[in-house]
Amino acid sequence: MGGYTLFLNHRLISWQTKKQQTISHSTTKAEYKSLSDASKEILWFQQLLQEINLEVPGNIPTLYNDNKGAIDLAHSNINHNGFKTKHMDIKFHFIQDLIKNLKLELFYVSTHLMAADFLTKAVGKTILLRSKSFINLY
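Residue numbers (our numbering): 7 to 144.
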């Protein structure tokens with residue numbers, strides 16, 4: 007399962023949870039594929055806002071992920087042999103170009119602070135209540 011939440015000015019504007027369409031042999035690769043999906047959604051929303059002439063002041067869009075391996079892979083602009091990702095479809099690697107061209111930032115955040123955690127895992131009451139507050143759901 008992969009999932010993400012998309013916020014604009016601290017307001018939830020989009021979310022997705024879905025079963026991975028391809029099999030990943032590691033959580034790093036699965037998380038990397040989810041980062042790719044979230045990146046596409048961010049770009050789509052940016053284009054939509056431009057088309058309706060709505061300028062959103064602020065910084066570069068930021069992605070947060072709790073998998074350090076996926077973050078290292080996304081920040082890597084060297085050959086992928088060390089990560090054993092040569093077989094991965096090129097469509098997943100475009101996130102590296104977004105980061106390199108400063109169109110997107112990617113940072114690590116602890117699993118306990120992930121807003122989308124409840125979309126992809128069975129969670130207890132405490133985590134569910136915390137997630138509700140993250141997405142401003144009352």
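Built from N, CA and C at the ideal position, the CB exists for glycine as well. This one's a predicted model, so the numbers in the text were calculated from it and none came from an experiment.
query = Would you report the Cα separation of glutamate 111 and isoleucine 48, rounded to the nearest angstrom?
reply = Working through the sequence shown from its first residue, we reach residue 111 at position 105. Working through the sequence shown from its first residue, we reach residue 48 at position 42. Going from the Cα of glutamate 111 to the Cα of isoleucine 48 covers about 11 Å.
ask   = Whose CA, out of Leu14, His99 and Tyr10, lies closest to the CA of glutamine 52?
value = Numbered from 1 along the sequence shown, position 46 holds the residue referred to as residue 52. The residue with the shortest Cα to Cα distance from glutamine 52 is Leu14.
query = According to DSSP, is serine 3 helix, strand or coil?
reply = Residue 3 lies beyond the residue range present for the chain, which begins at 7 and ends at 144; the question has no answer from this structure.
ask   = For the segment 56-64 against the segment 113-123, are there 3 or more C-beta pairs whose distance is under 8 Å?
value = no
task = Please name the residue in Phe140, Ile133 and Ala80 whose C-alpha comes closest to that of asparagine 107.
result = Within the sequence shown, numbered from 1, the residue matching residue 107 stands at position 101. Asparagine 107 has its Cα closest to that of Ala80, out of Phe140, Ile133 and Ala80.
query = Smallest Cα separation from lysine 39: which of Phe124, Leu18, Ile77 and Ile141?
reply = Within the sequence shown, numbered from 1, the residue matching residue 39 stands at position 33. Nearest C-alpha to lysine 39: Ile77.
query = Nearest CA to the CA of serine 32: which residue from Trp50, Arg136 and Lys74?
reply = Working through the sequence shown from its first residue, we reach residue 32 at position 26. Answer by Cα proximity: Lys74.
Local conformation of glycine 75 per DSSP, three classes = For the purposes of this step, residue 75 is taken as residue 69 along the sequence shown, with counting starting at 1. Three-state DSSP puts glycine 75 in a helix.
query = Of the choices Thr34, Lys35, Ser42 and Ser82, whose alpha-carbon is the least far from that of glutamine 22?
reply = The residue you call residue 22 lines up with position 16 of the sequence shown. Cα-wise, what sits closest to glutamine 22 is Ser42.
Isoleucine 100 classed as buried or exposed, judged by whether at least 16 other C-beta atoms fall within 10 angstroms = One-based indexing of the sequence shown puts residue 100 at position 94. Looking at the sequence itself, residue 100 is phenylalanine, so the reference to isoleucine does not match. The residue is exposed, with fewer than 16 neighbouring Cβ atoms inside 10 Å.
query = Just to confirm, are tyrosine 114 and asparagine 142 a CB contact at a threshold of 8 Å?
reply = On the sequence shown, position 108 is the one that residue 114 refers to. On the sequence shown, position 136 is the one that residue 142 refers to. Contact flag unset, no.
message = Assuming contact is defined by CB atoms lying nearer than 8 Å, are alanine 36 and glycine 8 in contact in what I supplied?
response = As a working mapping, residue 36 is identified with position 30 in the sequence shown. As a working mapping, residue 8 is identified with position 2 in the sequence shown. In contact: alanine 36 and glycine 8 (Cβ atoms closer than 8 Å).
CA-to-CA distance, leucine 12 to isoleucine 19, given in whole angstroms = Here residue 19 refers to the residue found at position 13 when the sequence shown is read from its first residue. Here residue 12 refers to the residue found at position 6 when the sequence shown is read from its first residue. Between isoleucine 19 and leucine 12, the C-alpha separation is close to 6 Å.
Assigned secondary structure, leucine 12 (DSSP; H/G/I helix, E/B strand, else coil) = In the sequence shown, counting from the first residue as 1, residue 12 sits at position 6. In this structure, leucine 12 counts as strand in the three-state DSSP scheme.
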